[in-house]
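Each residue of the sequence shown is one higher than the one before, starting from 52 at the first, in the numbering used here. Quick notes on the structure that follows.
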Amino acid sequence: MFLFASVFTSLFGIGILAFINQYLLKSNISNNNIIWYFIIILIVFFLSSCLVEIILGYFGQSFIFTMQTRLVKQLLDTPLLRVHEIGKAKLLASLGNDVRTVSFGLLRLPDFIQSLVLIICTSFYLFYLSIQIFIISFVWIVIVFWINHYLMRNVYKNFKNSRDSDDSLQLNYQHIIDGHKELTLNRFRAKYYYDNDFIKNAHNKKISNVKSNIYQSISGNWGNTALLGLIGLEFYCALRFDWASLEDATTIALVILFLRTPLVTLVGNLPTLMIAKISLDKIRNLNLQDYKPDFTIPKQNIVWNNIRFENVSFSYNNAFSLKPTNIEIHRGELIFLIGKNGSGKSTFSMLLAGLIQPNEGRILLDSTPIVSDNIALYRNLISAIFSDFHLFTQILSRDSFADSKHVQEWLDILELDAKIGIYNNHVNTTKLSTGQRKRIAMLIALLEERDILILDEWAADQDPLFRRFFYEVLLPKLKAMGKTIFVISHDNLYFDITDRIFLAKNGEICEIIGDNVQEIAKNVVDKF
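As structure tokens, then:
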């Protein structure tokens, strides 16, 4: 549709040139209505040009919207390990810079297409006026574009280097923001990082952009100069070799001048489209999950009795490996997992949560293996608060907003009623201490009303009184409600509330057994 509209507008542009050549350049104009015809043609050309740009702009914005929504949905569907492999800096650079750059390029695409169509249509009219001058013009423009192609290759290369620097700069910004406290305390570290990391990447980006601008400037001015030279050459050849009359030569000059705007637009938009292509390649190279429009949200409730790990092992980039594990967790149990840092606790908890899948072995819910086809159903049983948790503000239940009375009950229990408010089913603030933020995360997890609750060092940031309340009151209350609770904790004062205690050691997960499990576990923790 937009191609048809572009051709239609271009033909009107050619019609204006033909009208000027046929009537306005004639010295013996006798019809006073000609000027009114000319005005009507101009109005139609103006309206059709506006219509084409509006149509193309609409299609461009629709494409941008589709690209943004698809990209975010792909990211939501991408496995956790792939997201970690890409890295936060690259993802933010693509979601921010690349999407914006592609969007800007798409907004320039309508002008590019319309200019290209206009050049093609005008070339046919030039061919009609004079074959010889058309051939000269064609050869001249080919030479101009050949030289311009060399310049654009250098523009592309330097823009690509500039975009590569963006990934590094995004990582720099992330470190500066996340590590601001450390950099404030140690000014030597701040200066070293500023001089040797940030300045280096910023300088590389600057040099790449300067080189791109140089080549782009040469390209634009070369095109303008060459086009003016073509007009002079056209007049010379037309009159010197009698290839066209003065009137036709003047019309041809007008045609070439008419071509100037679309040619300049075409050449001027090339760098923008090149940058957009670089950004689009960056997005594609993320290798996110294939796009699926729907979210898999299981509706049915599963009745289950146990979760079983059968020879489950996991390794990632040869950096850590969880050795073959055979563990069974029964519904309604309260289980603690203890172990040193790097022993495999977090990896095991993510396997249990279904966020990562084993390299070998299998996880079974009762007798059903957890595989790609049913993992969403399995995850629907689980709420988790990890040590690096992210806090959302929406207060949701299983498939809708949580009941306000239920929300108030948990606010009172978690001692949050004086700290936060719930407005329009959203928490009104998250700017609290880490311990209080964890309580909000607990509120959100409990309101999801799921069977299994995984807590990774949740009590570590609580004050002594609430920590005691957590172990002696809250966990037993949740267990009495029928929840299966898996807690990573080293608080050996409260081991007596557990049903079972697992130990993570050098990538092995095993259950502590014996006559006095709690005492054995306390002794193990004391040796950490």
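Here a beta-carbon is modelled for each residue, glycine too, at the ideal position from N, C-alpha and C.
In terms of residues, what are the limits of the beta strand (DSSP E) holding Phe-292? Premise fails: Phe-292 is in no beta strand (DSSP E) and is neither H nor E.
Taking only the alpha-carbon atoms, compute the straight-line gap between Asn-475 and Lys-556 and give it to the nearest angstrom. Spanning the two alpha carbons is a distance of roughly 46 Å.
Among residues of its own chain, excluding the 5 on either side of Leu-498, which ones have a beta-carbon nearer than 8 Å to its beta-carbon? Ile-446, Leu-447, Ser-448, Ala-453, His-457, Val-458, Trp-461
So, using beta-carbon positions, are Gly-558 and Lys-396 closer together than 7 Å? no
By how many angstroms is the C-alpha of Ser-372 removed from the C-alpha of Asn-392? 14 Å
Going by DSSP, name the residue or residues bridged to Lys-528. DSSP output for Lys-528 lists no bridge partner at all.
Below 7 Å between beta carbons: does that hold for Val-153 and Ser-330? Against a cut-off of 7 Å, the Cβ pair of Ser-330 and Val-153 comes out as a contact.
Residues bridged to Asn-357 (per DSSP): His-381
Backbone CA spacing between Ala-435 and Val-318 [nearest angstrom]: Roughly 54 Å between the two C-alpha positions.
DSSP beta-bridge partners for Asp-435? The question names Asp, but residue 435 is Ala in the sequence shown. Its beta-bridge partners are Ile-505.
With C-beta atoms as the reference, is Val-306 less than 7 Å away from Leu-177? yes
How is Cys-561 classed by DSSP in three states: helix, strand or coil? Here Cys-561 sits in strand by DSSP.
When the distance is taken between beta carbons, is Ala-572 closer than 7 Å to Ile-552? yes
Give a yes or no on whether the C-beta atoms belonging to Asp-450 and Trp-355 are separated by under 7 Å. no
Taking the Cβ atom as the reference point for each residue, do Val-422 and Thr-444 lie within a distance shorter than 7 Å? no
Should Tyr-342 go down as buried or exposed, given a rule of 16 or more other Cβ atoms within 10 Å for buried? In this structure Tyr-342 is exposed. Its beta-carbon is surrounded by fewer than 16 other beta-carbon atoms within 10 angstroms.
Output yes or no for whether 7 Å exceeds the beta carbon distance between Ile-503 and Ile-433. Cβ atoms of Ile-503 and Ile-433: closer than 7 Å.
Compare the Cα-Cα distances from Thr-535 to each of Leu-442, Ala-404, Ala-511, Phe-440 and report the closest residue. Ala-404
Limits of the beta strand (DSSP E) - the one that Ile-106 falls within: It is not in any beta strand (DSSP E) - Ile-106 instead sits in the alpha helix (DSSP H) that spans 85-128.
Three-way DSSP call (helix, strand, coil) for Ala-555 in this model: strand
Residue burial classification, Cys-172 (beta-carbon count within 10 angstroms, cutoff 16): Buried.
Give, in chain order, every unbroken run of the beta strand (DSSP E) that is at least 3 residues long and sits entirely within the region 402-477. 411-416, 433-436
Could you tell me which of Gln-119, Ala-140, Lys-530 sits nearest to Ile-229, measuring between CA atoms? According to the sequence as given, residue 229 is Asp; it is not Ile. Taking the Cα of Asp-229 as reference, the smallest distance to any Cα among Gln-119, Ala-140, Lys-530 is reached at Ala-140.
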